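Student:
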Ligand SMILES: Nc1ncnc2c1ncn2[C@@H]1O[C@H](COP(=O)(O)OP(=O)(O)OP(=O)(O)O)[C@@H](O)[C@H]1O
Ligand SMILES: [Mg+2]
């Protein structure tokens, strides 16, 4: 059990470049915390500082209230799982898992070691593989062995650095569920690094989004999705990504590429003096007007669909538009920051699979302007963020987390059979 507190943590490598820049975070006891962000944003560096593999340039790291900056990794009692598993090829699965227990010489007798290893093996479905060598196992099984080794010792927290990135998509999905279940069951504080936002959203109680060493937002997945603080977070969280459209301010209206909508009341004051804003609309918030689920205050527009992709359970339509001037620069920059994941000059619409819109059609769409996000192109701040609503979501998520932990605890106490 541990609370991990980061206070103004900075890491500068030899060349003076701040790989992590003034990060402050409170990781709660039993919490599943995610560090996510594009390649090079400092996720691994931050994790390695927590576990003690990397010196902290400035700032304080506290575990349960005590400063541990100068403690060696073995004195921090944290358990880390690496991307490449780092298994010993000449040892059996049993001995690989038992390794940290044997390392703590004399602390556990043979019977205790056997019981702990078998316990972990049961949890990870490795029981029938205990006598095999890692070389003969599949990628997913090796990953389980690495996790087994991490969980046998009673560590105060688990740290994972992209543990699933070597697995294929299907296995990754399975292991993701396993990790979630295991974490809830054990109730151990966990920090998990990934650049995969699906992993971030599905696993995290809270997710810390990093960009170039700077923490952008730390919040529950729902809050990140519904109430992002800026363009970067809004663009990073969600697949397909949020659409960003240039919005010209004209009086009380915003002129978008396909339609004109009233300026949201919350934005009016904050946007005073600006003639250009960026509007963000999630792909699922734009609907085929012909299907009839038209929101009350709907904005309607028609546009020519370039390509459609039908996937059975959902369908995407791509609608190109042109962007010029300042907004074009801003969106290009955003695209670079996000590792170029988004195509910023076409709108993606996540249509109902029943929709019969076809490539080349001029189709009618509707969306509810109330779900638009509005961003300041300078700095990228989200002007529609509602702090009160965000606080409500945060409270709800924290209550959900506590309930899940409590449920897992009760389940553990109940005798089997
Ligand atoms: N040992 C090192 N010496 C100098 N610079 C380093 C070192 N390790 C990392 N960096 C730099 O620090 C920054 C953050 O690196 P880090 O490995 O923490 O990123 P990351 O978010 O884990 O990226 P990835 O998703 O690619 O693993 C990068 O700019 C990287 O080049
Ligand atoms: Mg990394």
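Residue numbers (my numbering): 6 to 422.
All C-beta atoms, glycine included, are put in the ideal place defined by N, C-alpha and C.
Since the model is a prediction, treat every value here as computed from it, not as a measurement.
Excluding five sequence neighbours on each side, which residues of the same chain lie with their C-beta closer than 7 Å to the C-beta of residue 257?
Tutor: The residues are 267 and 268.
Student: Go ahead and pull the three-state DSSP assignment for residue 235.
Tutor: It is a strand residue.
Student: In terms of residues, what are the limits of the beta strand (DSSP E) holding residue 258?
Tutor: Start and end: 258–260.
Student: Which residues does DSSP list as the beta-bridge partners of residue 95?
Tutor: Partner(s): none; residue 95 has no beta bridge.
Student: Can you name the residues that DSSP bridges to residue 247?
Tutor: Residue 247 pairs with nothing; no bridge assigned.
Student: Under 8 Å, Cβ to Cβ, is there at least one residue of chain B near residue 249?
Tutor: In the structure shown, chain B does not exist; there is a single protein chain.
Student: Ignore the nearest five residues each way along the sequence and tell me which others in residue 31's own chain have a CB closer than 6 Å to its CB.
Tutor: Contacts found: 10.
Student: Under a Cβ-count criterion, where at least 16 other Cβ atoms within 10 Å of its own Cβ denotes burial, should residue 108 be classed as buried or exposed?
Tutor: Classification for residue 108: exposed.
Student: Check the DSSP bridge columns for residue 372 and list the partner residues they point to.
Tutor: Paired residues: 291 and 304.
Student: Between which two residues does the alpha helix (DSSP H) harbouring residue 4 extend?
Tutor: This structure gives no information on residue 4, because the portion of the chain shown stretches from 6 to 422.
Student: Helix, strand or coil for residue 324? Go by DSSP, reduced to three states.
Tutor: Strand.
Student: Whose beta carbon lies closer than 5 Å to any heavy atom of ligand 1, going through the chain in order?
Tutor: Chain-ordered list of matching residues: 18, 24, 44, 45, 46, 47, 48, 49, 50 and 200.
Student: Taking Cβ positions, are residue 70 and residue 192 nearer each other than 8 Å?
Tutor: Cβ atoms of residue 70 and residue 192: not closer than 8 Å.
Student: Just the Cα atoms here: how many angstroms apart are residue 26 and residue 215?
Tutor: If I take the Cα positions, the gap works out to 10 Å.
Student: Going residue by residue through the region 34–61, where are the continuous beta strand (DSSP E) segments of at least 3 residues, counting only ones entirely within it?
Tutor: Taking only runs of at least 3 residues, the beta strand (DSSP E) segments lying wholly in the region 34–61 are 37–41.
Student: When DSSP labels each residue in this structure, what does residue 310 get in the three-state scheme?
Tutor: Coil, per DSSP.
Student: Just checking residue 86 against ligand 4 - is the residue's beta carbon closer than 7 Å to any of the ligand's heavy atoms?
Tutor: The model on display carries ligand 1 and ligand 2 but not ligand 4.
Student: For the region 40–50 against the region 198–211, do three or more pairs of beta-carbon atoms, one drawn from each stretch, fall closer than 8 Å, so that the two count as touching?
Tutor: As far as the Cβ criterion goes, the region 40–50 touches the region 198–211, which means the pair count is three or higher.
Student: Residue 268 lies in the beta strand (DSSP E); which residues open and close that run?
Tutor: Here residue 268 belongs to no beta strand (DSSP E), and DSSP marks it neither H nor E.
Student: Answer with buried or exposed for residue 261, where buried requires no fewer than 16 other C-beta atoms within 10 angstroms of its C-beta.
Tutor: Classification for residue 261: buried.
Student: Would the region 284–292 and the region 242–257 be scored as touching if the rule is three or more Cβ pairs under 8 Å?
Tutor: Contact holds: three or more Cβ-Cβ distances are below 8 Å.
Student: Compute every distance between the C-beta of residue 98 and the non-hydrogen atoms of ligand 2, then say whether any falls below 7 Å.
Tutor: Flag unset: Cβ of residue 98 not near ligand 2.
Student: In chain order, which continuous runs of the beta strand (DSSP E) of length 3 or greater are located wholly inside the region 160–216?
Tutor: 162–166, 194–199 and 211–216, all fully within the region 160–216.
Student: If you drop the 5 nearest sequence neighbours on each side, which residues of the same chain put their C-beta closer than 6 Å to that of residue 493?
Tutor: Missing from the structure shown is residue 493; the chain here goes from 6 to 422 and no further.
Student: Do you know how far the Cα of residue 265 is from the Cα of residue 177?
Tutor: Roughly 43 Å separates the two Cα atoms.
Student: Do you know offhand how far residue 130's Cα is from residue 120's?
Tutor: If I take the Cα positions, the gap works out to 15 Å.
Student: Let me confirm a value: residue 6 is counted as buried when at least 16 other C-beta atoms fall within 10 Å, else exposed. Which label applies?
Tutor: Classification of residue 6: exposed, given that the 10 Å Cβ count is below 16.
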